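Here the structure is laid out as structure tokens; the discussion comes afterwards.
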């Protein structure tokens with residue numbers, strides 16, 4: 005399925021540990037906007053890759069966690085309280101919290117693979133070519149991923 | 040290789056370049072991954088333009 009824009013609407017997400025259960029907990033999460041991204045603090049992990057700090061994770065959850073269902077304790081159903089991040093997080097297991105922050109962050113940023121694909125040649129600047137076909141390059145044709153092309157866009161047929 | 044996702048982003052770049060945004064609100068209210076895509080494409084297009092100009096100037 006093509007997810008073109010990843011707009012700022014929530015989607016229900018089932019954590020890994022809950023999958024397959026009849027009454028699995030579900031969380032309504034959405035990607036962050038540009039301004040929300042500014043609040044997210046990152047660090048470099050041991051491999052030099054960006055990773056969320058604890059504060060960064062909280063910022064991600066502050067905007068990206070929008071609701072939940074099928075969460076309960078001994079007293080019954082636990083309601084999600086919009087705007088009460090600390091209260092909501094206090095009801096969740098740390099592993100679930102980390103998984104949710106990570107999932108929201110992944111949906112909010114381009115992955116290395118997406119960056120690579122976005123910059124894959126051939127392309128031409130849009131000011132010089134107004135049609136989509138021309139922007140995609142080649143002989144006036146748009147090429148969507150096929151099994152007949154090499155990575156540099158040359159035909160293997 | 041152009042994936043369907045990058046194809047859509049290239050289409051959107053024309054509108055972004057003309058000042059039109061996909062969602063209501065200002066620039067920074069757009070999805071962060073959309074903004075990252077536009078920044079990457081803008082940088083790449085600028086590089087291509089620069090190389091073409093340098094090539095033309097060298098003729």
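Protein chains in written order, with the numbering used here: chain P, 5 to 161; chain B, 40 to 98.
For glycine and all other residues, C-beta sits at the position ideal for the given N, C-alpha and C.
These figures come from a predicted structure and were not determined experimentally.
Alpha-carbon to alpha-carbon, residue j and residue i
i             : j             : result
residue 139/P : residue 12/P  : Summary for residue 139/P: the model assigns pLDDT 37, below 50, so the residue's position carries little reliability, and this model does not support an answer.
residue 123/P : residue 111/P : 19 Å
residue 115/P : residue 66/B  : 21 Å
residue 88/B  : residue 82/B  : 10 Å
residue 42/B  : residue 109/P : 22 Å
residue 96/B  : residue 121/P : 30 Å
residue 47/B  : residue 86/B  : 21 Å
residue 117/P : residue 44/B  : 11 Å
residue 47/P  : residue 58/B  : 33 Å
residue 80/B  : residue 26/P  : 44 Å
residue 50/B  : residue 78/B  : 14 Å
residue 97/P  : residue 54/B  : 43 Å
Per-residue DSSP class, three states only, for residue i
i             : result
residue 163/P : Because residue 163/P is not part of the residues shown, which for chain P are 5 to 161, the question remains open.
residue 64/B  : coil
residue 56/B  : helix
residue 44/P  : coil
residue 87/P  : coil
residue 97/P  : coil
residue 81/P  : strand
residue 56/P  : strand
residue 11/P  : coil
residue 123/P : coil
residue 92/P  : helix
residue 85/B  : helix
residue 26/P  : coil
residue 138/P : The predicted position of residue 138/P is uncertain, since its pLDDT is 38 and thus under 50; a value taken from the coordinates is nonetheless stated next. Residue 138/P falls in the helix class under three-state DSSP.
Opposing strand residues paired with residue i [DSSP bridges]
i             : result
residue 31/P  : 17/P, 72/P
residue 104/P : Answer by DSSP bridge pairing: none, since residue 104/P is not bridged.
residue 70/B  : 37/P
CB of residue i within 7 Å of CB of residue j, strictly
i            : j            : result
residue 71/P : residue 84/P : yes
residue 4/P  : residue 45/P : Examination of residue 4/P is not possible in this model, given that chain P is present from 5 through 161 alone.
residue 62/P : residue 82/P : no
residue 66/P : residue 89/P : yes
Quiz item: Within the chosen definition, does the stretch 50-58 of chain P reach the stretch 75-87 of chain P through at least 3 CB pairs nearer than 8 Å?
Solution: These segments do not touch.
Exercise. Inspect the CB distances between the stretch 65-75 of chain B and the stretch 29-37 of chain P and report whether three or more fall short of 8 Å.
Key: The answer is yes - the stretch 29-37 of chain P touches the stretch 65-75 of chain B, with three or more Cβ pairs under 8 Å.
Exercise. Take every Cβ of the stretch 98-106 of chain P, pair it with every Cβ of the stretch 17-26 of chain P, and state whether three or more of those distances are shorter than 8 Å.
Key: Yes: the two stretches touch, three or more of their Cβ pairs being nearer than 8 Å.
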